[in-house]
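I have placed the structure first, in the form of structure tokens, so that the comments after it can refer back to it.
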Amino acid sequence: MPKPERVEVLVLGSGAGGKLLASHMAKAGRRTAVVERKWIGGSCPNINCLPSKNEVKSAEVAHTVYDAGPFGTVVTDARVDMTQVVSRKRKMVEGLVAMQVDAFRTNGAELILGQAHFVALKTVEVALNDGGTRLLSADRVFLDLGTRPHVPPIPGLAETAFTNIELLELEGSLFANVRPHRPKRVGRAGVVAGIGAAALLGASALTMGVLLRRDRRKAPWR
Ligand SMILES: Cc1cc2nc3c(=O)[nH]c(=O)nc-3n(C[C@H](O)[C@H](O)[C@H](O)COP(=O)(O)OP(=O)(O)OC[C@H]3O[C@@H](n4cnc5c(N)ncnc54)[C@H](O)[C@@H]3O)c2cc1C
Numbered sequence: 033m034p035k036p037e038r039v040e041v042l043v044l045g046s047g048a049g050g051k052l053l054a055s056h057m058a059k060a061g062r063r064t065a066v067v068e069r070k071w072i073g074g075s076c077p078n079i080n081c082l083p084s085k086n087e088v089k090s091a092e093v094a095h096t097v098y099d100a101g102p103f104g105t106v107v108t109d110a111r112v113d114m115t116q117v118v119s120r121k122r123k124m125v126e127g128l129v130a131m132q133v134d135a136f137r138t139n140g141a142e143l144i145l146g147q148a149h150f151v152a153l154k155t156v157e158v159a160l161n162d163g164g165t166r167l168l169s170a171d172r173v174f175l176d177l178g179t180r181p182h183v184p185p186i187p188g189l190a191e192t193a194f195t196n197i198e199l200l201e202l203e204g205s206l207f208a209n210v211r212p213h214r215p216k217r218v219g220r221a222g223v224v225a226g227i228g229a230a231a232l233l234g235a236s237a238l239t240m241g242v243l244l245r246r247d248r249r250k251a252p253w254r
């Protein structure tokens, strides 16, 4: 094995914990590298919390407009333009990613874009997104590798299911220039990913049902 590059702190994954840890360690003067394979800043600002709330906000606005009549505002032609909804969301995500890249730079943490895997104790090989590999070892290695969507083993589902990633990028034929229905209020349930998605789709175009697992029928917000 070639001699690895040495850092004091190596953080794998730039999610909620990883990005703060990398920035703090670097700021404290430790030679720090953070490896991220795709979502700079983690899933929350890229594909989960913030983009879903961004699109739910668009759905809320549509709801308000569509429901404006009883309040004395006459709306003659309201429709949802999903291309604009998605574009607004992408712009926000791009801004958040740029902010994160900047934070790493300012704090002195090296951001390495690629997929990391261990090849020896405290030593990882990174398959760089731009091609090639780097071998790094560290006194301390921290893992913040997050989670990924799980598609349950229901026949046919894997080929057709949308996870949150595809859902938040939908702007095409399914939604094109649709007129919003009146969604029911979802209240606090907005923080629950599936309910957030249902609220978004329900407010945008479709009649929604939410399936809960038998052992999780009691929804956490009740
Ligand atoms: C639709 C949706 C909405 C949500 N809304 C909210 C909300 O409103 N509020 C809330 O508190 N939570 C919310 N969550 C949950 C929240 O997004 C997660 O709990 C949180 O982002 C997890 O953070 P993390 O740091 O553990 O992982 P992540 O943010 O997933 O970070 C892990 C990172 O590691 C990278 N990675 C993984 N393996 C490797 C590897 N081998 N090499 C290099 N990089 C790697 C990944 O690309 C990823 O960027 C939501 C979740 C979903 C699905």
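Each residue of the sequence shown is one higher than the last, beginning at 33 in my numbering.
All C-beta atoms in this analysis are idealised placements derived from N, C-alpha and C, irrespective of residue type, glycine included.
Annotation: the continuous beta strand (DSSP E) that includes residue 42 extends over 37-44. Taking 7 Å as the cut-off, one finds no heavy atom of ligand 1 near enough to the beta carbon of residue 202. Boundaries of the alpha helix (DSSP H) around residue 198: 196-199. Here residue 171 has 40 as same chain residues with Cβ atoms under 6 Å from its own Cβ, once five neighbours each way along the sequence are excluded. Within the DSSP secondary-structure output, residue 172 pairs in a beta bridge with 41. DSSP, read as helix, strand or coil, puts residue 203 in coil. Judged by DSSP in its simplified three-state form, residue 149 adopts strand. Across the set 53, 36, 66, the C-alpha of 66 shows the shortest separation from the C-alpha of residue 146. Per the C-alpha coordinates, the member of 151, 148, 141, 157 positioned closest to residue 59 is 141.
Exclusion of residue 116 from the 7 Å shell around ligand 1 follows from its C-beta lying no nearer than that to any non-hydrogen atom of the ligand. Taking 7 Å as the cut-off, the C-beta of residue 149 counts as close to a heavy atom of ligand 1.
Judged by DSSP secondary structure, residue 159 falls within the beta strand (DSSP E) whose first and last residues are 155-160.
Rounded to the nearest whole angstrom, the CA to CA distance from residue 178 to residue 196 is 15 Å. DSSP places residue 64 inside the beta strand (DSSP E), whose first and last residues are 64-68.
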